[in-house]
Amino acid sequence: MGVSFLSTLPSLLPLAHDSSPTTTTTIRHHPRLVTICGYNKIKASYHVIDEGHFSLKRRDILKSLGMTIGLELIGSSGSLVGTANAADLIQRRQRSEFQSKIKGTLFTAIKGNPDLVPSLLTLALNDAVTYDKATKSGGPNGSIRFSSEISRPENTRLSGALSLIEEAKKEIDSYSKAGPISYADLIHYAAQSAVKSTFIAAAIRKCGGNEEKGNLLYTAYGSNGQWGLFDKQFGREDAQEPDPEGRVPLWEKASVQEMKDKFSAVGLGPRQLAVLSAFLGPDQAATEAKLASDKDVAPWVDKYQRSRETVSQTDYEVDLITTFTKLSTLGQQINYEAYTYAPPKIDITKLKL
């Protein structure tokens, strides 16, 4: 049996400008330029019939007015785009800073409770696999926080993990500048932190327990950059009631076929089942031994076991991050303006120059 993902827990640490249209016709007198309604930016030559009189059609006036307005809009669009881009950058920075803080809070909480890592992973899985494609209901919406859902048989061992989430939420909400964080986001960010912490712990173990060398090893060879897409999917909304019962298996007692059927129902296959083995209960080794009995899943179990024995664990880590990212957004509409806020206004009259 290869190295387990969870076996490292004891060492867990730290437009172009268009010139005005000019009519060119044979005339009896020299044409003159006429300014329309004061719009002196657009002038046109017209056929002079008699001195002081000219022929002008209604559509010509409308075309001229339209062009003026269009040019004005085009001329101002640059500043509008610039303002929009600046606002977008501010929001991105706000979300990024908030994410960094919550990750710090979660990492500290998990470091002090390494035994809860398996439960945090299963909590995120069970919150997500309630998704039903036919009704577009369920999914990673934080419904598992409700007492009637967390007390179901498949969730009975997860109360400790939920307690950690609730304590972390109190701290995070105390420094959030844009309202409380959703349980839906927090549950899946806690699982992310648990995964990252475990990979760092594996690197430390490979360095004989030396934390500094282990962190350097993970920085050099780890796949931390693969979390970019996961971090963008930040802004899930909480469900207001529990998800329906009967959508989540009791993983420890479920057959491999039952697991495959559940994963297939939410759009995942044998490969994803194998890579999420650490999410399927407290004993990853026992879960993988069961999965290895199935001809569809076994090759992937073997692949990831061998990958975990390498220095970088690249195949396993990249596939795990990719699969977990998909799992954590099943059926969800992400609000990309969540956790952003208007920057404070500066009274320039009080500035000392």
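Letter by letter, the sequence shown follows residues 1 to 353 of UniProt numbering.
Just so it is clear, CB atoms sit at the ideal spot from N, CA and C, and this is done for glycine as well.
Note that the coordinates shown come from a computational prediction; the quantities given were computed from them, not determined experimentally.
- In terms of Cα proximity to R95, the closest of P270, A191 and S176 is S176.
- Judged by DSSP secondary structure, R205 falls within the alpha helix (DSSP H) whose first and last residues are Y183 to K206.
- By the CB criterion at 8 Å, F107 and S197 fall inside the cutoff.
- The alpha carbon of P140 has as its nearest neighbour, out of I204, L121 and Y131, the alpha carbon of Y131.
- D243 places its beta carbon less than 8 Å from that of E149.
- Contact check for Y336 and G235: beta-carbon distance about 6 Å, within the 8 Å limit, so the pair qualifies.
- The beta carbon of G281 is closer than 6 Å to those of W251, E252 and T287 in its chain, skipping five residues each way along the sequence.
- In the three-state reduction of the DSSP assignment, D294 falls in the coil class, being assigned neither a helical nor a strand state.
- Taken atom to atom, the span from the alpha-carbon of Y341 to that of F98 is near 11 Å.
- Selection K345, S193, S264 and V266 evaluated against L164 yields S193 as nearest (Cα-Cα).
- Only residues of its own chain outside the window of five on either side were considered, and among them E258 and K262 have a CB closer than 6 Å to the CB of P249, listed in chain order.
- In the DSSP secondary-structure assignment, S137 is bridged to D132.
- DSSP places D231 in the uninterrupted alpha helix (DSSP H) bounded by G228 to K232.
- By the beta-carbon neighbour count (other beta carbons within 10 angstroms, threshold 16), I348 is exposed.
- Taking C-beta atoms under 8 Å as the contact rule, F279 and L125 qualify, at a distance of about 4 Å.
- Within the same chain, S307 come within 6 Å of D315 by CB-CB distance, once the 5 residues on both sides are set aside.
- Just so you know, the alpha carbons of K170 and D294 end up roughly 43 Å apart.
- By the neighbour-count criterion, in which 16 or more other beta carbons inside 10 Å mark a residue as buried, P118 falls on the buried side.
- Rounded to whole angstroms, the gap between the alpha carbons of I90 and Y304 is 40 Å.
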